[in-house]
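Heads up: the sequence shown at position 30 corresponds to 30 in the numbering used here, and the numbers run straight through without jumps.
Below is one structure, written out as structure tokens; the observations come after it.
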Amino acid sequence: MEGLPLTGWDSYQCNINDEIASVYLNLDLLNTPVKQHYPLLNWYWIKLKNPRKDGLSSQEEFDSLVAHEDDLMTFLEKYPIIFAGRITTQGRREFYFYSKDEVVLSTIINPFIGDEAVFQFQTGEEADPKWTLYKNLLYPGENGKLQITERNI
Numbered sequence: 001m002e003g004l005p006l007t008g009w010d011s012y013q014c015n016i017n018d019e020i021a022s023v024y025l026n027l028d029l030l031n032t033p034v035k036q037h038y039p040l041l042n043w044y045w046i047k048l049k050n051p052r053k054d055g056l057s058s059q060e061e062f063d064s065l066v067a068h069e070d071d072l073m074t075f076l077e078k079y080p081i082i083f084a085g086r087i088t089t090q091g092r093r094e095f096y097f098y099s100k101d102e103v104v105l106s107t108i109i110n111p112f113i114g115d116e117a118v119f120q121f122q123t124g125e126e127a128d129p130k131w132t133l134y135k136n137l138l139y140p141g142e143n144g145k146l147q148i149t150e151r152n153i
């Protein structure tokens, strides 16, 4: 079991800041050489409208979250930006991206948001040339790796 490689998109649950979190990420990004060309971490957080009591997303909100994410990914296809993963916790969904320095999500997102935002949101960015957030927050630790491996056996 230990020797199985973690590849593709997958998810696991963990605790972040003592709160339950669901993490969905592209595992293939860990060793990709393209990382050096995408040093800027960008985030787009949305507030869930009907989270469960534990802060994760509810079934009643599933369809609207999937549609929102699909629309977001379609919108971002025209930019040199890499979707690294997302975290759902504490009543919000946090999307994380890496981009070239000249592509700042907070400056390009307005056409996607439109005049009336579907969700309350927050954006931001910071330099992360070593992809520290990806490696230390999104990428699974031993428990997360075990969850993924056992689910995919």
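Beta carbons are placed, not taken as given, at the ideal position from N, Cα and C, and that holds for glycine.
In the structure shown, the three-state DSSP call for Y44 is strand.
Contact check for L29 against A84 passes: the beta carbons are separated by less than 7 Å.
Looking at the DSSP output, W9 sits in a beta bridge with N26. For G144, the enclosing alpha helix (DSSP H) covers residues 142 to 151. Remark: C-beta atoms of T89 and I16 approach each other more closely than 7 Å. In the assembly as shown, N42 is a buried residue. Its beta-carbon has 16 or more other beta-carbons within 10 Å. Taking C-beta atoms as the reference points, L25 and L146 fail to come closer than 7 Å.
Rounded to the nearest whole angstrom, the C-alpha separation of F95 and L105 is 11 Å. The beta carbon of E77 sits closer than 7 Å to no other beta carbon from its chain once the five residues preceding and following it are set aside.
Per the Cβ contact rule, the segment 46 to 53 is in contact with the segment 110 to 120 (3 or more Cβ pairs under 8 Å).
In chain order, L48, N50, P51, R52 place their CB closer than 8 Å to the CB of S58, counting only its own chain and leaving out the 5 sequence neighbours on each side.
Pairing Y44 with D70, the inter-Cα distance amounts to about 14 Å.
Distances from the alpha-carbon of I81 to those of F112, Y98, T107 put Y98 closest. Within the same chain, Cβ atoms closer than 8 Å to the Cβ of Q36 are found at P129, the five residues on either side in sequence being excluded. Around N152, the same chain offers no residue with a beta carbon nearer than 6 Å, after the five sequence neighbours per side are excluded. Of the candidates Y38, I20, S11, the residue whose Cα lies closest to the Cα of K100 is Y38.
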